[in-house]
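Asks: Please read through the structure below; I'll follow up with questions.
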Amino acid sequence: MDVKKNFYRGLGNRSLPVLFSVLLFASCQDDLQTSVHTGPGIRFSVSEDKEWHATRAAGSPAEATTPRDSLLGVLPLQAADGGEGLYLHAMIADGIEVTGANGQTDEPQTRGSLVGADNFYDSFGVLASVYTGTWSEDSCLPDYMYDVEVTEASAWTTSYYWPGAGRNIRFFAYAPYGGQGIVLSDKTSAGTPSITYTVPTDVADQQDLLVAATSGMAGNTAAAAPLSFAHALTAVRFTTGDDMMAGRITKITLKGVYGSGSHTMGSDSWNGYGATTDFSQTLAAAVDGAANQEVTPVAATFMMLPQTLPSGASIEVVYTDDLTSTQRTLTASIAGSQWPMGRTVTYRISTSSIVITPTFTVTAPADFTYAGGSENYSVTSCAAVSRPGDATRTVPVAWIAEFVEDDGSGGYNVIARPEWLTAFTASGNGGTSATTFPATVMAQQGVTSNAHNEVLQSAAPVSGTYDLSTKGGTTAMNTANCYAINAPGSYSLPLVYGNAIKEGNENFSAYLFSPQKFVNHLDMAIGNPYIYNNANCTPDDAVLVWQDEENLVTNVRLSPDKHNLIFDVPQATIKQGNAIVAVRDTDSRIMWSWHIWVTDFVPGLDPTVEERYDPVKTPRDKVVTNYQGAQYTFMGANIGWCDAGTTTYDDRSVKVRFTQAETGSTQVITLTQASHSVVNSGNQTYFQFGRKDPMLGAIRDVNGSTVDKTFYPGSYSFDKSGTGKVTIGTSIQKPHVFFNYGSAKPQDWSATTYNNLWHISGPKTIYDPSPVGYQLPLQDAFKGFTYNGNYVSGNYFLSRFNSPYTSTTDYTDNFGWEFYCNKMTGEGSYDTAGGTIFFPALCYRHRENGSVNLLGDTGYYWAASPFSNDEGYSLFFTGTSIWPVNNGRTSGFAVRPVREK
């Protein structure tokens, strides 16, 4: 019938789905009577399961080099006298399969006499349990239907009915009904029924045992109830392999295997094995040397209990070769191997052994950098297939890869591919030589930490409005153009020209130089230290000019009497940075401006001796002895210095397990993105020779290029495009502009030549950009950094520089020079007792266009001393030279002041 054909078509999988509807009325514990309802009886409908299939392609050679079956091993069949034997190539296939008379693999069958698509059993037995609530292994009984036969002849129907609402029902089934050796657990035994099965000794009586079990179903379902039959035994077959000598196999015996055991219906295992037994069959299998000839035909398939074969288990083959007519009894041990449930184990008999020697090599890619990108890994996957008398053939073997993690017990758990691994080839066809594949990872996100910012953020705020010129009212007034801020809070500074007030008194020498008088924003001579006491200098408001960190300085304003400028440094946003604040007149012209340097460096603390420079430590002043023996106490950092943080990129990795198909060989490699730590270059403000106002710093971007540091405009933006010479007054009105010298010499931004804008050899002036207590150094201060106080370069690198550095790598890694503070005692002779001082290599702003280049390659530092009408003395260095030199005054250099004497 059509229904039967449709049903059988689906029997090629591990389970046979059968749908039937049952109307029942019984219970595990209730004394329920059969219903008198006259509803429909049990009927069966059939669905097709398309996933049940053989694992070896139809007609494929039994010993193909890349079989879809899995090779369990090669077992030698030896004669009792130890003479030449045969070989068993043990293969395992998914499902119960059978080979037809034409030698081609048909759909898997289900009886062994194997039950196939055309010969499903005519009946099967059903057990059913009705219960209320949830299923209980302790109380539910298969007492409603117990071993009820359901037949094809009755169109798969019975007279039972669904038990109705409020009850549940479970079904258990087996086939064939009443089969030989099948013993069911008693109907009074609670829980899931079991089958005790004894394998018949005669192979002809061995049948393919099928078992099914449902989960609980509602008692009022009254619809098709699915039964999914699974093969409960293992099919054991024998065929010929390659190089089988012509002859006859007349007997095969499975010796010392378990012949009885118990199976809980619906489970995937057996237990309760009995004694071991021998199973034999007499054959008349003539073999002519061709491969894939059936030794055990379909009807002679051993249908055995699934088991791990016990000690002493073996296979015995009686074989007579045609050439000598010698009969041999050959034996191979199979102890310890497995016969899995629902599978076919095929033993292929050959007169020689195929030897498969796999080659499986996976070479991991190089570690990825924190920046990400692609690296290649390689896979060599092949196998050398050989047998006596034949040339060895090397064939590709496919492979797959999966991502794994350690499971804590020496094994692995499969995991998903990590998101940061954006490209990876997870399978290949194999090859006899290495094939490369790219793996691509994302850039790792760095985390920047800055110990100096952390110091500022943890500092207690100043109380009230802190007067910077008196250190909060604790000292006499000392003014400057630069004030260092070490904590959050509100601050004030008096409207005084530079350092025109010292120790509470007017500091006339700072602005009344002869013969030239220093001028204010109107280019008028300054007559009084207090801005508002000079003609036409009426304060109107105070503004933020620009700053290089967002919200570093806020709420810039004048005091009610307009004699002080007030601003805030919020605790939420405090960090190292620079800002310019200014007071303006009634015409909105900047009358004077001040540099606010937020830093953890505290000016004026006692100098320290440090054996080596540590960028994490807060700097302190250092005493440096020059070539002539004069001592200068250098400020611990350049003016406007901001220590860059350390950016850390964590490592990350994932294990990849590669598996070679068929052989099962594995290789595990690790893809690693290495950790990385970058101590970024710091940054500083730059100064044009003689100007008091800082110019914006520069930094290296993520690509290593030099770029201007980001700035945040206040009332003005930093402007490096200023052209031509200007007056002192104009430069005061425009502290945000980097002026060049135009096209005419002298190379000075100032239209009027001053030789003493900072100072020549005396006290500092009101234009000196240094904080209170410091001033620009003279050129001699830098002359202790070489063995002779002069220019040194080239081949004398290791012996003439006053530094602990031993290679240019030290210089480039640290972005600058580390010098000994004490002068050298001779060429190649160092005095380390004074410790070291560090000078960063932050290049300069170009005198023509204001750009900064080669950050980290060169360093330029102004001295206060003029060299000529358009040049000033400075310190210049690279990684291979140091040179106290002169440069055009328009250039923007670093300033490293020394203590006032």
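Just so you know, numbering that gives the first Met the number 0 puts 822 at position 823 of the sequence shown, and the rest follows in order with no gaps.
No residue lacks a Cβ here, since even glycine has one placed at the ideal position from N, Cα and C.
Where Ala930 and Ser385 are concerned, what is the direct C-alpha to C-alpha distance, given to the nearest angstrom?
Replies: Past the boundaries of the shown model lies residue 930; the chain is included only from 0 to 900, so the question cannot be answered.
Asks: Report all residues from its chain with a CB closer than 7 Å to the CB of Phe688; omit the five preceding and five following residues, and keep chain order.
Replies: The answer, listed in chain order, is Trp861, Gly871 and Arg888.
Asks: Any idea if Phe837 is buried or exposed, counting beta-carbon neighbours within 10 angstroms, 16 or more meaning buried?
Replies: Looking at its Cβ environment, which holds 16 or more other Cβ atoms inside 10 Å, Phe837 is buried.
Asks: For His758, which three-state DSSP category applies?
Replies: It is coil, neither helix nor strand.
Asks: For Lys719, count neighbouring C-beta atoms within 10 Å of its own C-beta (all shown protein chains included) and say buried if the count is 16 or more, exposed if not.
Replies: Lys719 comes out buried.
Asks: By the three-class DSSP mapping on this structure, what secondary structure does Val771 have?
Replies: Reduced to three states, the DSSP call for Val771 is coil.
Asks: Looking only at DSSP bridge pairs, what is Tyr860 linked to?
Replies: Leu874 and Ala893, per the DSSP bridge assignment.
Asks: Give a yes or no on whether the C-beta atoms belonging to Phe301 and Leu226 are separated by under 8 Å.
Replies: Not in contact: Phe301 and Leu226 (Cβ atoms no closer than 8 Å).
Asks: Can you tell me where the beta strand (DSSP E) with Ser332 in it begins and where it stops?
Replies: Run containing Ser332: Gln326 to Ser332, per the beta strand (DSSP E) assignment.
Asks: Between Thr239 and Ala290, is the Cβ-Cβ spacing less than 8 Å?
Replies: In contact: Thr239 and Ala290 (Cβ atoms closer than 8 Å).
Asks: So, at 6 Å on beta carbons, what are the nonlocal neighbours of Ala211 in its own chain, with the 5 sequence-adjacent residues on each side left out?
Replies: Excluding positions up to five away in sequence, the list reads Ala172, Leu226, Ser227 and Phe228.
Asks: If we call anything under 8 Å between Cβ atoms a contact, is Ser592 one with Val555?
Replies: Taking 8 Å as the Cβ cut-off, Ser592 and Val555 do not qualify as a contacting pair.
Asks: Can you grab the Cα-Cα spacing for the pair Ser491 / Gly372, in whole Å?
Replies: Distance between the alpha carbons of Ser491 and Gly372: 52 Å.
Asks: Check whether the Cβ atoms of Gly721 and Val736 sit closer than 8 Å, and answer yes or no.
Replies: Yes.
Asks: Does the region 626-639 touch the region 667-679, meaning 3 or more C-beta pairs lie closer than 8 Å?
Replies: No: fewer than three Cβ pairs fall under 8 Å.
Asks: Do Pro602 and Val622 count as a contact pair if the criterion is CB distance below 8 Å?
Replies: No, Cβ-Cβ distance for Val622 and Pro602 is not below 8 Å.
Asks: Go to Gly728, then tell me how far its alpha helix (DSSP H) extends in each direction, as first and last residue.
Replies: Note, Gly728: alpha helix (DSSP H), Ile727 to Gln732.
Asks: Look at the alpha carbon of Asn821 and the alpha carbon of Thr857, and state the distance between them as a whole number of angstroms.
Replies: Distance between the alpha carbons of Asn821 and Thr857: 23 Å.
Asks: Output needed for Gln179: all residues of its chain with C-beta closer than 6 Å, excluding positions within five of it in sequence on either side, in chain order.
Replies: These residues qualify, in order along the chain: Pro199 and Asp204.
Asks: By the three-class DSSP mapping on this structure, what secondary structure does Gly372 have?
Replies: In the structure shown, Gly372 sits in a strand (DSSP, three-state: E or B).
Asks: Going along the chain, which unbroken runs of the beta strand (DSSP E) with 3 or more residues stay wholly within the region 504-548?
Replies: The region 504-548 contains these whole beta strand (DSSP E) runs: 540-546.
Asks: Rounded to a whole number of angstroms, what is the C-alpha to C-alpha distance between Ala459 and Leu841?
Replies: Spanning the two alpha carbons is a distance of roughly 32 Å.
Asks: Quick one: is Trp861 near chain B, going by C-beta distance under 8 Å?
Replies: The question asks about chain B, but that chain is absent: this structure has only one protein chain.
Asks: Report the CB separation of Thr835 from Phe818 in whole angstroms; it is logged as a contact under 8 Å.
Replies: Indeed they touch by this definition, with Cβ atoms about 6 Å apart.
Asks: With H, G and I counted as helix, E and B as strand and the rest as coil, what does DSSP make of Arg799?
Replies: It is helical.
Asks: Just the Cα atoms here: how many angstroms apart are Gly825 and Ser730?
Replies: Looking at the two C-alpha atoms, the distance is approximately 46 Å.
Asks: What number of angstroms, rounded off, separates the C-alpha of Leu521 from the C-alpha of Ile727?
Replies: The straight-line gap from Cα to Cα measures roughly 9 Å.
Asks: How close, in whole Å, do the beta carbons of His451 and Gln575 come, if the pair is a contact with beta carbons under 8 Å?
Replies: Yes, they are in contact, since the Cβ atoms of His451 and Gln575 sit about 6 Å apart, within 8 Å.
Asks: Around the Cβ of Thr391, are there at least 16 other Cβ atoms within 10 angstroms (buried) or fewer (exposed)?
Replies: Thr391 is exposed by the Cβ-count criterion.
Asks: Quick check on this structure: which residue in Met523, Ala893 and Ala780 has the alpha carbon closest to the alpha carbon of Ala697?
Replies: If we check each option's Cα against that of Ala697, Ala893 comes out closest.
Asks: Contact check, Val344 vs Val235 under 8 Å by CB: the rounded distance?
Replies: Sure, about 5 Å apart at Cβ, within 8 Å.
Asks: Looking only at its own chain, which residues have a Cβ that is under 7 Å from the Cβ of Thr585, when we skip the five neighbours before and after it?
Replies: So the qualifying residues of the chain are Thr537 and Asp539.
Asks: With DSSP collapsed to three states, give me the class of His262.
Replies: It is a strand residue.
Asks: Assuming Ile525 and Phe517 form a contact by the criterion Cβ under 8 Å, report the distance between their Cβ atoms to the nearest whole angstrom.
Replies: With 8 Å as the limit, Ile525 and Phe517 qualify as a contact, their Cβ atoms being about 6 Å apart.
Asks: Please identify the residue among Ser193, Gly246, Thr275 and Lys691 whose C-alpha is closest to the C-alpha of Tyr257.
Replies: The residue with the shortest Cα to Cα distance from Tyr257 is Thr275.
Asks: Could you give the distance in angstroms between the alpha-carbon of Gly409 and the alpha-carbon of Pro417?
Replies: About 22 Å.
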